[in-house]
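Undergrad: Chains as they are written, first to last, in my numbering: chain A, 1 to 243; chain B, 1 to 400; chain C, 1 to 157. Pasting a structure below so you can have a look.
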Amino acid sequence: MSMTRRRLLFLTPAAAAFLDRLGGEETQPPSKYLLADHYWAMSIDIGKCIGCGNCVRACARENGVPQGYFRTWVERYEVAGYPSERPEVDSPNGGFDGFTEKSRPGAKSFFVPKLCNQCAHSPCVQVCPVGATFETPDGLVLVDKTYCLGCRYCVQACPYGCRYIDPAKQTVDKCTLCYHRISRGETTACSETCPTGARTLADLKNPKDPIHEFLRTNSVQVLKPHMATGSKVYYKDLDGSVR
Amino acid sequence: MQPIVNGVQGFMYPNEVELQWSILIVLYPFITGLVAGAFILASLERVFRVEAVKPTYRLALLTALAFLLVAPLPLQLHLGHPERSYEMYITPHLTSAMAMFGFVYLWYLMVVLVMEIWLDYRQDIVRLAASTPGPLHWLYKAMTLGSTNVSPRALRIDDRAGYIITVIGIPSAFLLHGYVGFIFGSVKANPWWSTPLMPIVFLFSAMVSGIALVMLIYMAAMKLRRRPIDMPCLDTIARYLFYTFVIDFSLEMLDLIHRMYEADESFQSLDFMVHTRLWTSQVLIQIIAGTAVPLALLALAQVVRLSEPRRRLLYAVAGTLTMIGIFAMRWNVVIGGQLFSKSFLGYTSYKLAFATREGLLPSIGLLILPLVILWVLVKLLPPWTAADARTLGGPHGGVS
Amino acid sequence: MKDAAHLLRLAGLFAVGIVLFLLIRRELVPAGFGEYGFFRPAAMDAVRARPMIYAGRTTCEMCHEGELKLLQSGKHAHVGCEACHGPQAKHADDSSSIKPVLPTPHLLCPVCHEVNSAKPKGFPQVVAKEHSGGAECTTCHNPHRPLPVGLGAEGIK
Chain A
1 MSMTRRRLLF LTPAAAAFLD RLGGEETQPP SKYLLADHYW AMSIDIGKCI
51 GCGNCVRACA RENGVPQGYF RTWVERYEVA GYPSERPEVD SPNGGFDGFT
101 EKSRPGAKSF FVPKLCNQCA HSPCVQVCPV GATFETPDGL VLVDKTYCLG
151 CRYCVQACPY GCRYIDPAKQ TVDKCTLCYH RISRGETTAC SETCPTGART
201 LADLKNPKDP IHEFLRTNSV QVLKPHMATG SKVYYKDLDG SVR
Chain B
1 MQPIVNGVQG FMYPNEVELQ WSILIVLYPF ITGLVAGAFI LASLERVFRV
51 EAVKPTYRLA LLTALAFLLV APLPLQLHLG HPERSYEMYI TPHLTSAMAM
101 FGFVYLWYLM VVLVMEIWLD YRQDIVRLAA STPGPLHWLY KAMTLGSTNV
151 SPRALRIDDR AGYIITVIGI PSAFLLHGYV GFIFGSVKAN PWWSTPLMPI
201 VFLFSAMVSG IALVMLIYMA AMKLRRRPID MPCLDTIARY LFYTFVIDFS
251 LEMLDLIHRM YEADESFQSL DFMVHTRLWT SQVLIQIIAG TAVPLALLAL
301 AQVVRLSEPR RRLLYAVAGT LTMIGIFAMR WNVVIGGQLF SKSFLGYTSY
351 KLAFATREGL LPSIGLLILP LVILWVLVKL LPPWTAADAR TLGGPHGGVS
Chain C
1 MKDAAHLLRL AGLFAVGIVL FLLIRRELVP AGFGEYGFFR PAAMDAVRAR
51 PMIYAGRTTC EMCHEGELKL LQSGKHAHVG CEACHGPQAK HADDSSSIKP
101 VLPTPHLLCP VCHEVNSAKP KGFPQVVAKE HSGGAECTTC HNPHRPLPVG
151 LGAEGIK
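Right, dumping it as structure tokens:
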């Protein structure tokens, strides 16, 4: 009895595995991109963000992000003096359509763009049961859509809320830092369309990258530093009220 | 208080509004908890020699098996790609608590439950293989693995092996259910879940629910068979339920008091959530109806001499409330952990559908299915022992 | 050990099962898994192989030198082309047959320049309807060189 059940346990999923492999979608990657030459990050200057939403729209178009889900989004903070533990925050449709005026005289207000922090010690990678989300040698956290089970453990483990389930594919999805663009020498879609240069792609392994000067001369923070995720999105002038 | 728009109050990260883990993920720890608890009750007699609960030994094992067979189903229904779940066997990511599911499950099913049941029942299986006509004859024959040796020495070897397996089975049962607690307890991103107490709380509430389940099934089965209930057995089970419940309650209170005392950055947000969205399920159902009342009833039975019918009624009520309370506990952990924003600035709501893949209907089905399987198992491998104790060589064998 | 024969049979069954499992596992593990880390390396390539929808400013500059010169001299020097013109990789690949649709100024410009108290204080913001008096933005402002005013739409090539 135990043997029959054991056989069935393997035969059915083995068939599924072979069928999976038949429907492959990989094409040849562009050559001349060496993993060892890069370690990607991003810098964000809070003082420059105008909440136009260009980045949210560009990312959605570039990456085919389904409506209602966000690989990147913009939050608006309103901090009315002390105590700043409870700021008023909104992100209407993730900032996709920009922000209408919300007049609150005397409040300190600003925009905070957010995206996957491409953590160096990623908790989402740690909890994936099968290795469907992973850290690449060049510093990105990616999702293997043909391998992901859709168990959603990684979505729970991400402290920043940057993951979602693609309703069509029923797998997890998130910002790839436009890997398909940056490996071809271009910048991310969000940085490309940011009119004020608030968002800038950074390559920590490139000694000439402005990120080094940026980190050296500015007041820089990452989101939720106490979580020790090794976040590689560096915010200039991030207010203490930002969650 | 902020207005509620589309079920969202305050601010949530845009991707957080939709809940990721549904009622199916509430069901899974509930079911594996029942398995672990039922097994611990069985091991009470086998390893700790609590003779009084012997009448429920086989029933507890069959109950554990029935529920264990159903345990992977809520997970399969929940997965975006259930056909890929074999990947957990071929590339298990060792840093993920969830990755051990496949192996722990298989280990527990094969090595612990199936082996222990087989060893305990082997004498009966051999006899049933010889005496049962029709297609069932071949099933029993297969189950004998071709061996008809039921000599006293063989049965003594079975008994010894079964004892060893039960001893191994106890930490295995702890692992089977404890890792689920660790899955939640190790998520640093979620302050409602993240605590080292989580696996322990899960375990003790599992034992409580499992013991209550076997108690209820025993009472129901005896009633259906129109047989007298072994009251010393029932009283002993109720006593162990009471002890375990006291420990479980203390652990949950410790977690609560610790949270309130430390009052870290998440506390205000969680406190508000418990007072509003989780009030009914946590305070009314889990704490009052599901813990305080059954504890009081069970305590009453310990200190006051009640007549048999009164005790049976009390145990039935206490047992049922306990099961509801432990289910509510799983609900409050899983669903509660997703109702608040990780920004601590807002809340969302859980929309439980009825006839969808992750709705109420399949969940009810998944709770009924193990009872159906148990009925089949009881028919195949009757657990009822003869009124007088030992037959030759087999302390747990015999069919009435 | 005749009396333990059934146990040996069971152990044999388990052994066969484990061997079968190991054999099947070897077949099913994806190619190259573990080479760069605990994942399928082809997945990295799959992400990299995605086609681009935005061309990138350096691509636009290859043909549109006039606009580039105008941009570099004004306030919009660091604004990417596609920030206003939308994704144009298709146009860049086949510029003769695929022509981009020009944005409507009074719908586009306020996206950045409408007054909002959350915008940085030094950033140029107006209440567009009052500021323009109903006229199209390009009546006074050349989008490639918005200041000084007066260049107007004629300044766009």
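Just so it is clear, CB atoms sit at the ideal spot from N, CA and C, and this is done for glycine as well.
(1) Check each residue of the segment 88-105 of chain A: if its Cβ is closer than 7 Å to any Cβ of chain B, include it; give the result in chain order.
(2) Can you name the residues of chain A whose CB is closer than 7 Å to the CB of C/Met44?
(3) How should B/His275 be labelled, buried or exposed, when 16 other C-beta atoms within 10 angstroms of its C-beta is the threshold for buried?
(4) On the DSSP bridge assignment, give the partners of B/Thr148 in chain order.
(5) DSSP puts A/Leu115 in a beta bridge; with which residues?
(6) Return no unless some Cβ of chain B is closer than 9 Å to the Cβ of C/Lys2.
(7) At a CB-CB cut-off below 9 Å, which residues of chain C make contact with B/Ser172?
(8) For the structure I just gave you, are there three or more beta carbon pairs, one from the segment 277-294 of chain B and one from the segment 327-340 of chain B, closer than 8 Å?
(9) Do A/Lys169 and A/Tyr39 have their C-beta atoms closer together than 9 Å?
(10) Below 7 Å on C-beta distance, what does A/Glu213 contact in chain C?
(11) How would you write the range of the beta strand (DSSP E) that B/Trp118 sits in, first residue to last?
(12) By the 7 Å beta-carbon criterion, what residues does the segment 87-113 of chain B contribute toward chain A?
(13) Would you report the Cα separation of A/Val125 and A/Gly131, rounded to the nearest angstrom?
(14) Using CA coordinates, which residue listed in B/Gly325, B/Gln286, B/Tyr315 and B/His78 is at the minimum distance from B/Ala299?
(15) Please identify the residue among B/Ala328, B/Ser43 and B/Ser172 whose C-alpha is closest to the C-alpha of B/Val111.
(16) Considering Cα atoms alone, identify which of B/Tyr140, B/Leu297 and B/Thr320 is closest to B/Arg310.
(17) Return the bridge partner residues of A/Leu245 from the DSSP annotation.
(18) Where C/Cys112 and C/Gln125 are concerned, what is the direct C-alpha to C-alpha distance, given to the nearest angstrom?
(19) Quick one: using the 10 Å Cβ neighbour count with 16 as the cut-off for buried, is B/Gly7 buried or exposed?
(20) Checking the sheet assignment: what are the DSSP bridge partners for A/Phe110?
(21) Who are the Cβ neighbours of A/Cys158 in its own chain at under 6 Å, not counting the five residues just before and after it?
(22) Three or more beta-carbon pairs under 8 Å between the segment 6-25 of chain B and the segment 225-236 of chain A, yes or no?
(23) CB-CB under 7 Å to B/Leu44, same chain, minus the five flanking residues each way: which ones, in chain order?
(24) Leaving out five residues before and five after B/Tyr179 in sequence, what residues of the same chain have Cβ atoms less than 7 Å from its Cβ?
(25) Got a sec: is the Cβ-Cβ distance from A/Ser241 to anything in chain C below 9 Å?
(26) Can you check whether the CB of C/His106 is closer than 9 Å to the CB of C/Ser132?
(27) Is C/Asn116 helix, strand or coil by DSSP?
(28) Using 8 Å for Cβ pairs, my map puts C/Pro87 next to A/Arg184. What's the rounded Cβ distance?
(29) Is the Cβ of C/Arg57 closer than 9 Å to any Cβ of chain B?
(30) Cα separation between A/Leu160 and B/Met231?
(31) Quick one: what does DSSP say B/Asn332 is sitting in, helix, strand or coil?
(32) So which of C/Asp45, C/Glu35, C/Leu70 and C/Glu27 has the shortest CA-CA distance to B/Tyr89?
(33) Shorter than 8 Å, the distance from the beta carbon of A/Ser109 to the closest heavy atom of the ligand COA, or not?
(34) Check for me: the alpha helix (DSSP H) holding C/Arg48 runs from which residue to which?
(35) So, are the CB atoms of A/Arg76 and B/Ser343 less than 9 Å apart?
(36) Does any residue of chain C have a CB that is nearer than 9 Å to the CB of B/Ile157?
TA: On the basis of the supplied data:
(1) Taking 7 Å as the Cβ-Cβ cut-off against chain B, the residues of the segment 88-105 of chain A that qualify are Val89, Asp90, Ser91 and Gly94.
(2) For the purposes of this step, residue 44 of chain C is identified with residue 44 of the third sequence, where counting begins at 1. Result: Thr136 and Leu142.
(3) Numbered from 1 along the second sequence, position 275 holds the residue referred to as residue 275 of chain B. Flag for B/His275 reads exposed.
(4) Mapped onto the second sequence, residue 148 of chain B falls at position 148. Partner(s): none; B/Thr148 has no beta bridge.
(5) Stepping through the first sequence from its first residue, residue 115 of chain A is reached at position 115. Partner(s): A/Thr72.
(6) The residue labelled residue 2 of chain C in the question sits at position 2 within the third sequence. Taking Cβ atoms only, chain B reaches closer than 9 Å to C/Lys2, which makes this a yes.
(7) Taking the first residue of the second sequence as position 1, residue 172 of chain B is located at position 172. By Cβ distance, chain C contributes nothing, its closest Cβ being about 15 Å from B/Ser172, past 9 Å.
(8) yes
(9) Here residue 169 of chain A refers to the residue found at position 169 when the first sequence is read from its first residue. Here residue 39 of chain A refers to the residue found at position 39 when the first sequence is read from its first residue. Cβ distance not < 9 Å, so A/Lys169 and A/Tyr39 don't count as in contact.
(10) The residue you call residue 213 of chain A lines up with position 213 of the first sequence. Listed by position along chain C, the residues whose Cβ is nearer than 7 Å to that of A/Glu213 form an empty set, because the closest Cβ is around 17 Å away.
(11) The sequence position of residue 118 of chain B within the second sequence is 118, counting from 1. Run containing B/Trp118: none in the beta strand (DSSP E); it sits in the alpha helix (DSSP H), Met115 to Ser131.
(12) Glu87, Met88, Thr91, Pro92, His93, Thr95, Ser96, Met98, Ala99 and Met110
(13) Counting from one through the first sequence, the residue named residue 125 of chain A turns up at place 125. Counting from one through the first sequence, the residue named residue 131 of chain A turns up at place 131. Those two C-alpha atoms are separated by around 7 Å.
(14) Within the second sequence, numbered from 1, the residue matching residue 299 of chain B stands at position 299. Measuring from the Cα of B/Ala299, the nearest candidate turns out to be B/Tyr315.
(15) As a position in the second sequence, residue 111 of chain B is number 111, starting the count at 1. Of the listed residues, the one whose Cα sits closest to B/Val111 is B/Ser172.
(16) Your numbering for residue 310 of chain B matches position 310 in the second sequence. It is B/Leu297.
(17) Nothing about residue 245 of chain A can be read from this structure; chain A reaches only from 1 to 243.
(18) By one-based count along the third sequence, residue 112 of chain C stands at place 112. By one-based count along the third sequence, residue 125 of chain C stands at place 125. So the two alpha carbons sit approximately 8 Å from each other.
(19) To locate residue 7 of chain B, count along the second sequence from 1; it is residue 7. Burial is judged here by how many other beta carbons sit within 10 angstroms of a residue's own beta carbon; B/Gly7 has fewer than 16 and is exposed.
(20) Residue numbering aside, residue 110 of chain A sits at position 110 when the first sequence is read from its first letter. Answer is A/Tyr77, bridged to A/Phe110.
(21) Translated into positions along the first sequence, residue 158 of chain A becomes position 158. The answer, listed in chain order, is Cys124.
(22) no
(23) Indexing the second sequence from 1 puts residue 44 of chain B at position 44. Excluding positions up to five away in sequence, the list reads Val50, Val53 and Tyr240.
(24) Looking up residue 179 of chain B in the second sequence gives position 179. Cβ neighbours of B/Tyr179 beyond the five flanking positions: Ala97, Met100 and Val104.
(25) Position 241 of the first sequence, counting from 1, holds the residue named residue 241 of chain A. No, because no Cβ of chain C sits closer than 9 Å to the Cβ of A/Ser241.
(26) Numbered from its first residue, the third sequence carries residue 132 of chain C at position 132. Numbered from its first residue, the third sequence carries residue 106 of chain C at position 106. Contact: yes.
(27) What you label residue 116 of chain C is simply residue 116 of the third sequence in a count that begins at 1. Coil, per DSSP.
(28) Taking the first residue of the third sequence as position 1, residue 87 of chain C is located at position 87. Taking the first residue of the first sequence as position 1, residue 184 of chain A is located at position 184. Not really, about 15 Å apart at Cβ, beyond 8 Å.
(29) Taking the first residue of the third sequence as position 1, residue 57 of chain C is located at position 57. Judged by the 9 Å Cβ criterion, C/Arg57 is not in contact with chain B.
(30) What you label residue 160 of chain A is simply residue 160 of the first sequence in a count that begins at 1. What you label residue 231 of chain B is simply residue 231 of the second sequence in a count that begins at 1. Residue identity differs from the one stated: residue 160 of chain A is Tyr in this sequence, not Leu. Rounded to the nearest angstrom, the two C-alpha atoms are 55 Å apart.
(31) As a first step, residue 332 of chain B is located in the second sequence; it is residue number 332 there, counting from the start. Reduced to three states, the DSSP call for B/Asn332 is helix.
(32) The count along the second sequence starts at 1 and reaches residue 89 of chain B at position 89. Cα-wise, what sits closest to B/Tyr89 is C/Glu27.
(33) Absence of the ligand COA from the depicted structure is noted, as is the absence of any ligand whatsoever, leaving it without description.
(34) Start at 1 with the first residue of the third sequence, and residue 48 of chain C comes out as number 48. Unbroken alpha helix (DSSP H) run through C/Arg48: Pro41 to Arg48.
(35) As a working note, residue 76 of chain A is residue 76 in the first sequence. As a working note, residue 343 of chain B is residue 343 in the second sequence. Not a contact, by the Cβ cut-off of 9 Å.
(36) Working through the second sequence from its first residue, we reach residue 157 of chain B at position 157. Cβ-Cβ to chain C under 9 Å: yes for B/Ile157.
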